[in-house]
Structures are given as structure tokens and as C-alpha cells.
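J.: Please find one structure pasted underneath; my questions will follow.
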Amino acid sequence: MTQDELFKVLVAHCKEYGFIFPSSEIYDGLAAVYDYGQMGVELKNNIKQYWWNAMTRLNENIVGIDSCIFMHPRIWEASGHVGAFNDPLIDNKDSKKRYRADVLIEDFLAKIEEKMNKEVEKGRKRFGEAFDEAQFRATNPNVLREQAKYDEVHNRYKKAEDANDLAEYRQIIVDNNIVCPISGTCNWTDVRQFNLMFSTSMGSTAEGANTIYLRPETAQGIFVNYLNVQKTGRMKIPFGIAQIGKAFRNEIVARQFIFRMREFEQMEMQFFIKPGTELEWFKKWKEQRMKWHVNIGMGAENYRFHDHEKLAHYANAATDIEFQFPFGFKELEGIHSRTNWDLGRHQQYSGRKIEYFDPEEGAAYTPYVVETSIGVDRMVLAVLSHSYKEEKLENGETRVVLSIPAPLAPVKAAVLPLVKKDGLPELAQKVMDDLKYDFNCQYEEKDSIGKRYRRQDAIGTPFCITVDHQSLEDGCVTVRERDTMSQERVKIEDLRALIDKRVNLNNLLRNL
Ligand code: ATP
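Structural data, given as C-alpha cells:
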């Protein structure tokens with residue numbers, strides 16, 4: 292199966308098993324908006340809990356808040372979003388499809404890179420052990436030709452980006468014959484800027500109504516509450532404020548399932564520090580956040596940093612943590628050193644002094660900020676795409692299994708009476724009643740035990756507990772483990788400890 296096909300299968304699987312549904316589906320859906328079903332919401336909540344506890348419990352100097360989606364419109368002027376939260380859009384005149392001009396160029400560059408990598412792989416196969424990749428890249432004519440093309444387009448693109456030169460974006464697209472994937476033509480409109488914020492009005496009468504925005508990020512809710520939290524919490528610098536909440540962006544190109552949505556959720560933490568210490572903290576948070584990811588157990592090789600060459604005007608360092616999604620390495624989280632830009636701007640726009648009196652320095656200053664910002668939905672997609680497996684079994688059958696890291700799995704254990712009679716359902720219910728206070732469990736008695744195992748594999752349940760006739764006599768049950776499919780007899784009173792060892796979120800947190 293190609294990665295493309297695998298992605299399609301995953302999207303269908305998410306719907307079939309109650310993880311993710313297209314929003315408003317009975318009305319044919321709403322583009323780039325998705326709902327979480329009964330399984331999806333559990334997975335999402337577990338991810339949020341892992342993040343929240345890692346931030347607020349493991350760090351005594353980080354506290355959480357929950358600010359509103361609606362905020363004073365001046366906030367978005369101060370933050371720069373009204374003026375500059377734009378994407379360059381371009382339309383194809385034949386297909387009438389809209390694209391992000393920067394994404395068209397980046398995809399074109401990625402294709403050249405892919406071609407070069409394919410040549411390198413061919414070379415590796417041909418030369419075997421003696422293969423020297425650096426030398427091959429420096430001498431192979433095909434690679435050199437592609438590299439020259441890459442450099443030329445990349446340089447032009449970076450210059451256009453720096454100068455915000457929209458006409459040059461279009462020219463790069465035309466000169467390289469980058470076509471619309473739908474119409475196949477190069478018949479493009481000019482490139483225009485498009486603001487990504489959704490607006491609505493507040494107030495009961497149309498005349499008195501104020502235009503307000505749905506927040507495009509949760510961070511500003513933290514900045515405008517900086518003084519409140521610092522004072523009431525008697526926080527001393529360095530300290531952080533964490534928040535999980537919805538954000539809204541009118542994305543131009545919203546494909547790739549829950550990777551790019553118009554309504555999504557962010558987990559952001561703003562860490563307030565003394566000016567001059569920001570690069571040290573930036574480095575610490577980079578390490579800390581990568582550790583949080585790798586600790587989940589989805590393979591360190593599937594993550595990488597992508598340091599930004601071009602920095603936003605307010606940042607003095609920035610990096611992305613990228614994850615290997617089915618469509619390649621893409622941004623999962625951003626870590627930014629934002630200087631005192633945001634607090635400074637709010638000070639200027641609100642007229643309120645936003646400073647910290649540092650008793651050690653004996654002076655007041657506007658704190659600097661290092662932020663970590665991750666999309667909950669992208670994290671859900673990372674977990675699901677990494678976990679989905681189709682395995683060939685010895686008997687020739689295929690089983691679909693979601694090997695979701697156990698502490699994040701929606702259902703931790705399924706309790707299954709072998710048959711629906713002879714007192715087995717009653718004993719199984721007792722087991723269920725005992726476990727349900729500690730773990731999210733499912734009770735199932737319909738269909739053969741094999742079918743029930745398959746259904747639990749498909750939603751990623753780490754343990755299946757089968758109650759059989761012998762259980763009535765010896766008080767033992769069969770525990771089947773999801774990944775190895777191994778089975779063992781376990782005393783009912785030992786079940787809780789056995790499950791807890793694998794699924795308790797605290798075990799993950801203890802490794803951080
Ligand atoms: P991208 O370049 O992919 O548009 P971004 O750089 O604009 O992302 P940030 O503004 O840094 O993203 O937002 C922080 C995080 O929020 C991202 O790393 C991502 O996980 C998440 N995020 C941003 N936009 C979306 C979206 N439209 N849908 C889902 N998650 C998103």
C-alpha cells in the first residue's frame with residue numbers, strides 16, 4: 292500500500308470505529324471541520340491530560356488558565372493579526388480551485404528533493420557497503436542537476452518571502468510551470484493576501500455591533516492575563532502559563548484531514564523570563580518538548596527539528612518539531628522565542644503597565660517569552676497514523692490493529708464473557724464494576740470471541756479479559772495482550788495491578 296492509500300484507509304477507519312467524523316455529515320459536511328466520536332474524544336482527552344500534567348504538575352512554576360475565545364478586538368490589532376495574519380492565495384482560472392502560493396512552491400521543492408533522494412537510494416543499492424552518500428551527492432550528474440534547480444528556486448522563493456513580493460511568487464510558479472493538480476494548467480490569477488481570522492459581531496443591535504474575531508491562537512489569552520496570574524499567583528520569574536483551547540483559522544487550503552482544520556485545538560505554554568536568558572530557555576524547552584514526544588514511544592526517528600531560517604519580526608529564535616506523517620515530515624509543534632514583543636504591544640495598546648519587578652535585580656522590566664505551541668488534532672493524527680497496522684496472521688487472515696501507546700488508548704480493557712449464559716455475564720459484570728473506577732473499560736458479549744478481539748484491536752484496546760467457565764471455579768480470567776496477542780491466566784484480584792502497570796499515564800510522566 293502506498294502512503295497515499297494508507298492515509299485514505301486511515302481516514303475511513305477513523306470514521307468506521309467512531310474516532311473522527313466529518314462535521315455536519317448529514318448535510319454533506321463542512322470543509323475542514325471535523326467532529327470527534329466516542330473513541331476520538333477519549334484519545335484526545337488522554338493526549339491533553341498528558342500535556343497538561345507534564346506542564347502544570349511536573350513544573351511547580353507553571354500554572355494553567357482557561358481564557359475565552361472572544362476577546363477585545365484591539366487585542367488582535369496589538370498582536371499584529373489584523374494587519375499581518377495573511378496567507379498568499381492564488382486561483383487557477385480553469386479549475387477555479389484556490390491554493391496557497393507558498394505551498395505550491397514548497398511542494399514543488401519537496402518533489403525535487405524527493406527525486407534527489409531516489410537517485411541516492413538507487414546509488415546505495417548499486418554500490419552496497421562501499422556507498423559514500425556525500426561523495427555521491429557531490430558527483431552524480433542527475434543529483435547535481437536537480438540540486439542546481441532546487442537552489443535556484445529556493446533562493447528566489449526566500450528572497451520573495453523576505454520582500455513579501457507577491458508578483459515574484461506568481462512568476463516563480465509560472466517560470467517553473469507549476470500546474471494546478473486538478474486542471475493541469477498554468478493559468479493562474481495574481482497572488483493576493485488573505486486574512487485568516489474569522490470575524491463576527493457582538494452586541495444586540497446591528498448599529499451598536501462591534502466586529503470581533505474568533506481567536507486564531509490561544510496565546511493572546513495568556514498574554515492579556517499575564518498581570519492577573521502573576522499577581523494573584525504570586526509568581527516569580529521564570530514562570531509559565533499553560534492553556535488548552537480552541538482556535539480558528541480560515542485556512543485557504545484545508546486538505547489532509549485533521550492536519551489542517553478551520554476549527555482546531557491548541558495546547559500552548561508561554562514561559563516568562565528575564566531578558567537575556569531567552570536563548571538558554573529556548574534550548575531547554577526544545578529539549579524538554581522533544582523528550583515529551585519521544586517518551587510516548589512512537590520512535591525517535593519519526594521526529595526532527597526544523598529550525599526557522601526566516602524569523603517572524605518579533606522572534607529571535609524559532610523551531611518546529613516535525614513528525615513523519617503519511618504525507619512526509621510536517622510541523623507538529625512550534626517553539627518560539629518571542630522576546631517582549633507581545634507584552635510590549637499590549638502595554639502600548641492598552642495603556643496599562645505590564646512589567647515585573649525583579650527583586651534580585653532590584654529593577655522592573657517587561658518579561659521575555661519562550662512559547663511552546665502544539666495542535667491537539669495534529670497530535671491525534673500523529674498517534675493514529677503511526678498506530679494503524681494491517682498484519683498478516685499465520686492463518687492467512689489479516690488483522691487491523693491500532694497499536695496506540697497504552698496510556699493514550701481510548702479503552703484500556705475490554706471485559707468479555709465467553710458465552711452469554713451459565714453465569715458468565717454476571718461474573719464479567721462484576722469484573723467490569725471493579726475496574727471501571729480506574730480505567731475506561733468496555734463490556735461486550737455479542738459475537739464470537741474472535742470477532743470481539745478484532746473489534747478491540749481496531750480501536751486499540753491494550754487488554755481483552757475473557758471470563759470463561761473455569762473462571763467460575765478458579766477465579767482466574769484470560770488476559771490477551773493487543774500487540775503480541777499472547778494470552779495468560781490471571782487471578783481476578785490481580786487484574787487492576789497488571790493493567791495499571793501498562794496504562795497508567797503517571798508512568799509516562801515519571802520518565803520525563
Ligand atoms: P502551519 O505552518 O502548518 O500552518 P503554523 O506555523 O501556522 O502552522 P502555529 O501558528 O505555530 O502554526 O500554531 C501552532 C500549532 O498549532 C502548529 O504547530 C499546529 O500543530 C497547530 N495548528 C496550526 N494551524 C492548524 C490548523 N489549521 N489545523 C490544525 N492544527 C493547526
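Numbering of the sequence shown is given in the numbering used here, commencing with residue 292 and proceeding in unit increments.
All C-beta atoms, glycine included, are put in the ideal place defined by N, C-alpha and C.
#1: Leaving out the 5 sequence neighbours to the left and right, which residues in its chain are closer than 8 Å to Gln484 when beta-carbon positions are compared?
#2: Rounded to whole angstroms, what is the Cα-Cα separation between Ile535 and Lys712?
#3: From the DSSP output, in three-state form, read off Ala606 for me.
#4: Helix, strand or coil: how does DSSP classify Asp385 here?
#5: Could you tell me the alpha carbon to alpha carbon distance between Glu600 and Met330, rounded to whole angstroms?
#6: List the DSSP bridge partners of Arg461.
#7: Looking at C-alpha atoms only, which residue of Thr509, Phe427, Trp367 and Met488 is the closest neighbour of Ile665?
#8: Kindly provide the ranges of any alpha helix (DSSP H) runs that are 4 or more residues long and lie completely inside the segment 567–638, ordered along the chain.
#9: Can you round the beta-carbon distance between Ile532 and Val544 to whole angstroms, since I take them to be within the 8 Å contact cut?
#10: Which word fits Asp724, buried or exposed, when buried means at least 16 other C-beta atoms lie within 10 angstroms of its C-beta?
#11: Tell me whether the segment 344–359 and the segment 691–699 touch, counting them as touching only if at least three CB pairs, one residue from each stretch, are closer than 8 Å.
#12: Which residues does DSSP pair with Asp649 in a beta bridge?
#13: Can Gly331 be considered in contact with ligand 1, in the sense that its beta carbon sits closer than 7 Å to one or more heavy atoms?
#14: Glu681 to Met292, Cα distance in whole Å?
#15: Hey, quick one: how far does the alpha helix (DSSP H) through Cys359 stretch, first residue to last?
#16: Per DSSP, what kind of secondary structure is Pro704 in: helix, strand or coil?
#17: Give, in chain order, every unbroken run of the alpha helix (DSSP H) that is at least 4 residues long and sits entirely within the segment 513–559.
#18: Is the closest heavy atom of ligand 1 to the C-beta of Asp319 under 7 Å?
#19: Is any heavy atom of ligand 2 found at a distance shorter than 7 Å from the C-beta of Glu542?
#20: Who are the Cβ neighbours of Trp268 in its own chain at under 6 Å, not counting the five residues just before and after it?
#21: Would you report the Cα separation of Glu706 and Ala700, rounded to the nearest angstrom?
#22: What distance in whole Å lies between the Cβ atoms of Leu297 and Leu803, which are believed to be in contact at a cut-off of 8 Å?
#23: Using a threshold of 8 Å, state whether the C-beta atoms of Ile513 and Gln561 are closer than that.
#24: Taking the runs of the alpha helix (DSSP H) that are 4 residues or longer, which of them lie wholly in the segment 364–447?
#25: If you reduce the DSSP assignment to three classes, tell me which class Asn797 lands in.
#26: Less than 7 Å between the CB of Ser628 and some heavy atom of ligand 1, yes or no?
#27: Would the beta-carbon of Gly625 be found less than 7 Å away from any heavy atom of ligand 1?
#28: By a C-beta neighbour count over all protein chains shown, 10 Å radius and 16 as the cutoff for buried, is Asp633 buried or exposed?
#29: Using a Cβ-Cβ cutoff of less than 6 Å, which residues in the same chain neighbour Lys406 once the five nearest sequence positions on both sides are dropped?
T.: This is what the structure holds:
#1: Locating residue 484 in the sequence shown gives position 193, counting from the first residue. Taken in chain order, the residues that qualify are Asn377, Asp378, Pro379, Leu380 and Leu457.
#2: Within the sequence shown, the letter at position 244 stands for residue 535. Within the sequence shown, the letter at position 421 stands for residue 712. One alpha carbon belongs to Ile535, the other to Lys712, and they sit about 47 Å apart.
#3: As a working note, residue 606 is residue 315 in the sequence shown. If DSSP states are grouped into helix, strand and coil, Ala606 belongs with coil.
#4: Position 94 of the sequence shown, counting from 1, holds the residue named residue 385. Coil at Asp385, not helix or strand.
#5: Looking up residue 600 in the sequence shown gives position 309. Looking up residue 330 in the sequence shown gives position 39. Roughly 39 Å between the two C-alpha positions.
#6: For this step, residue 461 is matched to residue 170 along the sequence shown. In DSSP, Arg461 forms no bridge with anything.
#7: Translated into positions along the sequence shown, residue 665 becomes position 374. Comparing alpha carbon positions, the residue from Thr509, Phe427, Trp367 and Met488 closest to Ile665 is Thr509.
#8: Whole alpha helix (DSSP H) segments, 4+ residues: 569–585.
#9: Here the question's residue 532 lines up with position 241 in the sequence shown. Here the question's residue 544 lines up with position 253 in the sequence shown. Not confirmed; about 32 Å, so no contact.
#10: As a position in the sequence shown, residue 724 is number 433, starting the count at 1. Asp724 comes out exposed.
#11: Too few Cβ pairs lie closer than 8 Å, so no.
#12: In the sequence shown, the residue the question calls residue 649 occupies position 358. DSSP lists Ala654 as partners of Asp649.
#13: As a first step, residue 331 must be located in the sequence shown, where it is residue number 40. Gly331 has its CB no nearer than 7 Å to any heavy atom of ligand 1.
#14: If you number the sequence shown from 1, residue 681 lands on position 390. If you number the sequence shown from 1, residue 292 lands on position 1. Cα-Cα distance, rounded: 10 Å.
#15: One-based indexing of the sequence shown puts residue 359 at position 68. Taken as a continuous stretch (DSSP letters only), Cys359 belongs to no alpha helix (DSSP H), as it is neither H nor E.
#16: Your numbering for residue 704 matches position 413 in the sequence shown. Note that residue 704 is Ala in the sequence shown, not Pro. Of the three classes helix, strand and coil, the one that applies to Ala704 here is strand, per DSSP.
#17: The segment 513–559 contains these whole alpha helix (DSSP H) runs: 517–523.
#18: Stepping through the sequence shown from its first residue, residue 319 is reached at position 28. No - ligand 1 has no heavy atom lying nearer than 7 Å to the Cβ of Asp319.
#19: The model depicted lacks ligand 2 and carries ligand 1 instead.
#20: Because the chain in this structure spans residues 292 to 803, residue 268 falls outside the shown range and cannot be described.
#21: Position 415 of the sequence shown holds residue 706. Position 409 of the sequence shown holds residue 700. In the sequence on display, residue 706 carries Val and not Glu. Roughly 16 Å between the two C-alpha positions.
#22: Translated into the one-based positions of the sequence shown, residue 803 becomes position 512. Translated into the one-based positions of the sequence shown, residue 297 becomes position 6. The pair is not a contact, with the Cβ atoms about 31 Å apart (cut-off 8 Å).
#23: By 1-based counting over the sequence shown, the position of residue 513 is 222. By 1-based counting over the sequence shown, the position of residue 561 is 270. When the beta-carbon positions are compared, Ile513 and Gln561 come within less than 8 Å of each other.
#24: You should have 364–369, 372–375, 392–418 and 424–430.
#25: The sequence position of residue 797 within the sequence shown is 506, counting from 1. The answer is helix: DSSP assigns Asn797 an H, G or I state.
#26: For the purposes of this step, residue 628 is taken as residue 337 along the sequence shown, with counting starting at 1. No.
#27: Numbered from 1 along the sequence shown, position 334 holds the residue referred to as residue 625. Flag set: Cβ of Gly625 near ligand 1.
#28: For the purposes of this step, residue 633 is taken as residue 342 along the sequence shown, with counting starting at 1. Result: buried.
#29: The residue labelled residue 406 in the question sits at position 115 within the sequence shown. Glu437, listed in sequence order.
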